[in-house]
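For reference, the structure discussed in these notes is given below.
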Amino acid sequence: MPAKIIQTNNKKFNRVKLDPITLDVIENSMFSARWEMDAVLFRTAMSPGIREQGDEFPMIANLDGKMVVGQFGSFIHGFKEAFDGTIEEGDMFLTNDPYSCNGAVSHANDWLLLRPIFKDGRLISYAAMFGHMTDVGGKVPGSLPTDATQIFEEGIRVPPTKIYKNDELQEEILDIILHNCRLPIWNKSDFNAIVASIKTAEKRVIEMATRFGDDIFYSALEDLLDRNKKAMGTLIQNTVPTEKQYFEDYICDDGLEMGPYRIKCAMWREGKKVIFDFEGTDPQSISSVNFFLNEEMFKMFCGVYMIMVFDPAIMFNDGFYDLMEVRIPEGTLLKPNYPAALSCRTHALGRIFDVLGGLLGQGAPEFLCGAGFSDSPHLMYSGYDKNGEWYQLYMIGFGGVPGKPMGDGPDGHSLWPSFTNVPNEFLESYFPLVIEEYYTVPDSGGAGYNRGGNALCTTYKFLEPGEVSIHDDRWLTYPWGVNGGLPGERSTKTLVRKNGDTELLQSKCDRIAVEEGDTLYHVTWGGGGCGDPFTREPERVQFDVDAGLVTREGAKENYGVVLRKDLSINKAATVKLRAEKSKARGKVKLFDKGFSTIKELKARCEDETGLKAPSDPKFQKWMTAS
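Take the sequence shown: its position 207, counted from the start at 1, is 207 in this note's numbering, and no numbers get skipped.
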């Protein structure tokens, strides 16, 4: 049964007409409260993944649970539908189990806390935040095992639980949870930081409602949602055709040497509503790369992408959700049946953005971006140092962002725009390693009129024996280019032992033993290019060569730009070479994936990557849905 809301005051709110200035003030006050949630969290959390990197997602919602401001879209509807209990004043809920909250969180490392906000006995709003915990007690340090085959191997699972009742912390419950984690001090600190950020949002909401009046505050949130719906409705009408568009992309492998896995989606418009249908997506994996995709979460992904590409002036919130219908077949990679493993769902999550880009751009090629929002590379390093102290690093890496119609893709950037890197100085101060190199890789971004962002190479020299886990993708398939743009380069991971022996590592691996003096060369992917590279202004190519972003050879081969020794442009030679290369290439491709068929891609895999091609996936349906 869905959750039951308990109120001592059941008086309904009245919708009133607001003047634009009042609405604007409340809108900006809501944004300020949302950013204040982040500030409180960053200043009080302990784990570098949250404190330094920003792996957290805040939200303030209306009384129906629709996100008004935030980052990840509302999961409250799914939560309320899954929670069989009461929601009362003074409650705060905790869960990290995807199967208990309809995918509101998608793996056990994400701790979701939710607070109903009451004023004068009435529910007026919700505040929520979830953050990635460095460890939750899974079978490997970091709790993201690539070889997990069931969710029971991924750490402690907490069903939706009242962690606060009547504003009192249920300490016994929290102690049991922390007892199952390798870093209980970090987890408790991060938990308290999330609680503090949510209570900050609660304070600001009540202040706003008190200042303007409950009905005005309620009406303002409804107006902001309605405004978003109207704007998104126009955007959908103008960009989504009625005829079906199809696109597919792949996760390269599953960590068990099988792959690639196909994600397929069709998109079309029926009246005012856009339909997304994932029929044809591969069945769920027997490994942990499954992604339990909440339909509301996908709508958020789609909304964010459309707004950022087509009209960044639109305020992002959940107002448009009933303009979209999402169909995800059960038992697939994106809707696995319990108890499928989920810990490494990051690759499928990131790949959704590339699929969206391929779909939405077909109806409006002038807005088409390359691929590159494809992954979120993870590195874990753990062990006991010389003093017998446990150390455990979790961090997210950066890759090349795709080229886009309005400009080059950023070099060495995150899948999530708000994420920041863990400073190298911080890593060297708190963990037994040295960062010997940290640079963007020249020519790794796909060539185009607008260049794809370059990959990032980070060289880690380990100072203590330990174990390393790596989670990445795009080592087999390429981040594709669009409208004549070339694909970005693949990712690579190379371990050089102290004695000089070299090992090529899989993109997803655990329990890699390292010794003092071993060095890891961690290279991510480059973003796909956008537009014909032979039309890029030679002066821009010259600048990139001078900046070390493109090599002299890359300028000639990929852009047809001939540079003299002093980097001046040989204009005559450039015009001639570009004409020759354009003729030899022929008509530009709408999509350049870097291969024609998966069979052909696998056939040349070992020659190009040094790694054996993955075998065809073996699918297993754990159990039928009840």
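For glycine and all other residues, C-beta sits at the position ideal for the given N, C-alpha and C.
1. Spell out the partners DSSP gives Q245 in its beta bridges.
2. Would you check if the distance between the CB atom of T281 and the CB atom of L334 is smaller than 7 Å?
3. At 3 residues or longer, what runs of the beta strand (DSSP E) sit wholly inside the segment 66-152?
4. Would the segment 73-87 count as touching the segment 207-221 if we require 3 or more Cβ pairs under 8 Å?
5. Tell me which residue opens and which closes the alpha helix (DSSP H) that W525 is part of.
6. Any idea what DSSP makes of M623, helix, strand or coil?
7. Quick check: the Cα distance between L112 and L342, rounded to an integer number of angstroms?
8. Which residue wins for smallest C-alpha separation from N62, given the options R474, L359, E56 and L114?
9. Pull up the CB-CB distance for G560 and C530, whole angstroms please, since I reckon it's below 8 Å.
10. Give the secondary structure of W390 by DSSP, where H, G and I count as helix, E and B as strand, and everything else as coil.
11. Spatial neighbours of W628 within its chain, please: C-beta separation below 7 Å, excluding the five flanking residues on both sides.
12. What's the gap between the Cα of T535 and the Cα of F93?
13. Kindly list the residues whose CB is nearer than 6 Å to the CB of G90, restricted to its own chain and excluding five residues on each side of it in sequence; keep chain order.
14. What residue range is occupied by the uninterrupted alpha helix (DSSP H) comprising G383?
15. Rank E557, N558, R552 and V575 by C-alpha distance to the C-alpha of R628 and give the top, closest one.
16. Could you tell me how far apart the beta carbons of C302 and M324 are, in whole angstroms, since I believe they sit closer than 8 Å?
17. Would you kindly check if the distance between the Cβ of G400 and the Cβ of G452 is under 7 Å?
18. So, are the CB atoms of S376 and I396 less than 7 Å apart?
19. On a Cα-Cα basis, can you pick out the residue from E207, T95, T242 and M232 that is closest to I173?
20. Got a sec, what are the start and stop residues for the alpha helix (DSSP H) L504 sits in?
21. Going by beta carbon distance, what residues of the same chain come within less than 7 Å of H347, once the five residues before and after it are set aside?
22. Please give me, in chain order, every unbroken run of the alpha helix (DSSP H) with length at least 4 that falls completely inside the segment 401-479.
23. For I194, collect the residues of the same chain with a Cβ closer than 6 Å to its Cβ; drop the 5 residues on either side in sequence, then sort them by chain order.
24. Using 8 Å as the Cβ pair cut-off and three pairs as the minimum, do the segment 169-187 and the segment 135-148 touch?
25. Quick one: residues in its chain with C-beta nearer than 6 Å to the C-beta of E248, no 5 flanking neighbours on either side, listed in chain order?
26. Grouping DSSP H, G and I as helix and E and B as strand, with all else coil, what is M59?
27. Check whether the Cβ atoms of I512 and Q542 lie closer than 7 Å to each other.
28. For D223, which beta-bridge partners are listed by DSSP?
29. Specify, as a first and last residue, the run of the beta strand (DSSP E) that M324 falls within.
30. CB K66 to CB L225, shorter than 7 Å?
31. Go through its chain and collect everything with a Cβ distance to L169's Cβ below 8 Å, but skip five positions before and after it.
32. With DSSP as the reference, identify every bridge partner of T519, one or two as the case may be.
33. What first and last residue would you give for the beta strand (DSSP E) that runs through Y164?
34. Can you list, in chain order, the residues of its chain with a C-beta nearer than 7 Å to that of T149? Leave out the 5 residues immediately preceding and following it.
35. Round the Cβ separation of Q53 and V422 to the nearest angstrom and send it over; I've been treating them as touching at under 8 Å.
36. For Y390, which of F118, G610 and P465 has the nearest alpha-carbon?
So, from the listed chains and residues:
1. The sequence position of residue 245 within the sequence shown is 245, counting from 1. Paired residue(s): M267.
2. One-based indexing of the sequence shown puts residue 281 at position 281. One-based indexing of the sequence shown puts residue 334 at position 334. In contact: T281 and L334 (Cβ atoms closer than 7 Å).
3. 67-70, 92-95, 110-119 and 122-132
4. no
5. Translated into positions along the sequence shown, residue 525 becomes position 525. Premise fails: W525 is in no alpha helix (DSSP H) and is neither H nor E.
6. One-based indexing of the sequence shown puts residue 623 at position 623. Low confidence applies here, because M623 scores a pLDDT of 43, under 50, leaving its location unreliable and the question unanswered by this model.
7. The sequence position of residue 112 within the sequence shown is 112, counting from 1. The sequence position of residue 342 within the sequence shown is 342, counting from 1. Roughly 16 Å separates the two Cα atoms.
8. Here residue 62 refers to the residue found at position 62 of the sequence shown. It is L114 whose Cα lies nearest to the Cα of N62.
9. Against the sequence shown, residue 560 aligns to sequence position 560. Against the sequence shown, residue 530 aligns to sequence position 530. Incorrect: roughly 17 Å between the Cβ atoms, too far for contact.
10. The count along the sequence shown starts at 1 and reaches residue 390 at position 390. In this structure, W390 counts as strand in the three-state DSSP scheme.
11. With the chain covering 1 to 626 only, the question about residue 628 has no answer from this structure.
12. Position 535 of the sequence shown holds residue 535. Position 93 of the sequence shown holds residue 93. Their backbone Cα atoms lie some 55 Å apart in a straight line.
13. Within the sequence shown, residue 90 is the residue found at index 90, counting from 1. These residues qualify, in order along the chain: N166 and D167.
14. As a first step, residue 383 is located in the sequence shown; it is residue number 383 there, counting from the start. That residue, G383, is in no alpha helix (DSSP H); its beta strand (DSSP E) goes H378 to Y384.
15. Past the edges of the chain, shown from 1 to 626, lies residue 628, and the structure says nothing about it.
16. What you label residue 302 is simply residue 302 of the sequence shown in a count that begins at 1. What you label residue 324 is simply residue 324 of the sequence shown in a count that begins at 1. With a Cβ gap of about 7 Å, C302 and M324 count as contacting.
17. Working through the sequence shown from its first residue, we reach residue 452 at position 452. Working through the sequence shown from its first residue, we reach residue 400 at position 400. In this structure, G400 lies closer than 7 Å to G452 by Cβ.
18. Translated into the one-based positions of the sequence shown, residue 376 becomes position 376. Translated into the one-based positions of the sequence shown, residue 396 becomes position 396. Against a cut-off of 7 Å, the Cβ pair of I396 and S376 comes out as a contact.
19. Walking along the sequence shown from the start, residue 173 turns up at place 173. Nearest option by C-alpha distance: T95.
20. Against the sequence shown, residue 504 aligns to sequence position 504. Careful: L504 lies outside any alpha helix (DSSP H), inside the beta strand (DSSP E) at T502 to L504.
21. Here residue 347 refers to the residue found at position 347 of the sequence shown. Result list for H347: I251, V289, D375 and D473, in chain order.
22. 424-430
23. What you label residue 194 is simply residue 194 of the sequence shown in a count that begins at 1. Counting only Cβ-Cβ distances below 6 Å, and skipping sequence neighbours, we find L113, M129 and G131.
24. yes
25. Locating residue 248 in the sequence shown gives position 248, where the first residue counts as 1. Correct list, in chain order: R262 and K264.
26. The count along the sequence shown starts at 1 and reaches residue 59 at position 59. It is a strand residue.
27. Indexing the sequence shown from 1 puts residue 512 at position 512. Indexing the sequence shown from 1 puts residue 542 at position 542. Contact flag unset, no.
28. Locating residue 223 in the sequence shown gives position 223, counting from the first residue. BP columns for D223 are empty, so no partner.
29. If you number the sequence shown from 1, residue 324 lands on position 324. Unbroken beta strand (DSSP E) run through M324: M324 to R327.
30. Within the sequence shown, residue 66 is the residue found at index 66, counting from 1. Within the sequence shown, residue 225 is the residue found at index 225, counting from 1. It is a contact, given that the beta carbons lie within the stated cut-off.
31. Numbered from 1 along the sequence shown, position 169 holds the residue referred to as residue 169. Excluding positions up to five away in sequence, the list reads I163.
32. The sequence position of residue 519 within the sequence shown is 519, counting from 1. For T519, which the question treats as bridged, DSSP gives the partners K461 and V496.
33. By one-based count along the sequence shown, residue 164 stands at place 164. Its beta strand (DSSP E) spans residues T161 to K165.
34. Stepping through the sequence shown from its first residue, residue 149 is reached at position 149. I286, S287 and A341, listed in sequence order.
35. On the sequence shown, position 53 is the one that residue 53 refers to. On the sequence shown, position 422 is the one that residue 422 refers to. Right, their Cβ atoms sit about 5 Å apart.
36. By one-based count along the sequence shown, residue 390 stands at place 390. Here residue 390 turns out to be Trp, not Tyr, going by the sequence shown. Among F118, G610 and P465, the Cα nearest to that of W390 is on P465.
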